[in-house]
Each structure stands twice: as C-alpha cells, then as structure tokens.
Amino acid sequence: MVYVIAFLVAVIDQSIKWVISTHMAVNSSISIWPGVLELLYVQNRGAAFSILLNQTPLLIVVALIVIGVIIYVDRRYAKGNMRLQIALGLLLGGAIGNLIDRIRLGYVIDYVYFEAIHYPVFNFADSCIVVSVIYLVFRAWRSRDQEGSTHPDGRAQEGNHGKHQ
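First residue of the sequence shown: 1, per full-length UniProt numbering; consecutive thereafter.
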C-alpha cells in the first residue's frame, strides 16, 4: 500500500507542477480567493522556507537518505498497520515528487500561497509530507504517553504500576 500511495502522490504532484509550469510564467499569480489564496508559480532553489538555498546536490542526497529510511521503516514496522502505511506513502510520494524536480530542474516548483498570512509558497508534495510528519509525531507522542502501560505483546502490565513500595 505504501508504494501505491507514493506513486499516486508523485504522479499527482508532477501533474500539477506540469500544468503550473506550462500555463504560468515564473513569479506570476492567479487569485483563487482574493486576499487569501493564490496560485503563485515560484522556483524554490532551497528546502522548506528556502533554507539551504542553492544546495541542490546536498538536498538530493538528503532526499535519497530520507527515502531509504522510509523504505526501511515500512519494511520493519508498517506491516499490518494501515495508518502507518498511509503516512509513509504520503511521505515517500512527497519526497519523490520534490526529488524529481530537483534532479530534473535543479529546483522545486511551488505554487500554493496563502496571501492572508504570508505563508511560504508550497506544493502538493510538501502538503503530503507535512500531513505525514504531523501524524508520525502525534503517533510517537501517543506511544510515549502509553509507554509502560502495556507489555510489548500488548497485555496490560501487572504490579505496582509505577508506584514505589
């Protein structure tokens, strides 16, 4: 399931970017909701929030490492866990979508701009990555809170439940 989702995310991402890049001029915009949301075609030569500007080779290596980690986590931990598979699929597809841009163009095509809050311009792949990371952080936080309340096999622990005797 991870790889099907990743494939779909990457195809959707690249399709939208193709439409944007073939029908809009760089730095041009189309108002979707005046004063709130617009399509703004930019070429992002950095990572999120334009950090590591013009470090394309480094960003490609980082993306490849992230993709490797996602594949490892999928094979090691995601079997039978549909939510984790969905999150990993979104993360993998987003990473691949932006990696394709970096390899092919030397930059990432971004196009969604929330003018009302002056949020940095982003794209579909970025959205999938963010949704996935939010889920994974929430999942890790919940797991940490529940740590100690069950055995690794899922049975409730017996005994003093952390109380000192």
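Idealized CB from N, CA, C, for every residue including glycine.
Secondary structure at asparagine 98: helix, using DSSP grouped into helix, strand and coil. Every unbroken stretch of the alpha helix (DSSP H) spanning 4 or more residues and falling wholly within the segment 17–101 is given here in chain order: 56–77. The beta carbon of arginine 139 sits closer than 8 angstroms to those of Arg83, Leu84, Ala87, all from its chain and outside the five residues before and after it, given in chain order. For isoleucine 109, the three-state secondary structure derived from DSSP is strand. Counting along the chain, the unbroken alpha helix (DSSP H) around alanine 125 starts and ends at 124–146. Rounded to the nearest angstrom, the Cβ distance from alanine 47 to leucine 59 is 6 angstroms, consistent with a contact under 8 angstroms. Under DSSP, phenylalanine 114 takes part in a beta bridge, and its partners are Leu37. A direct Cα-Cα distance of roughly 10 angstroms separates valine 61 from isoleucine 67. Within the same chain, Cβ atoms closer than 6 angstroms to the Cβ of alanine 10 are found at Gly93, Ile96, Gly97, the five residues on either side in sequence being excluded. Here tyrosine 113 is buried, its C-beta having at least 16 other C-beta atoms within 10 Å. In the three-state reduction of the DSSP assignment, valine 121 falls in the coil class. Judged by beta-carbon spacing, aspartate 110 lies within the 7 angstroms limit of asparagine 44, meaning their Cβ atoms are closer than that value. Distance between valine 36 and valine 73, taken at the CA atoms: about 38 angstroms.
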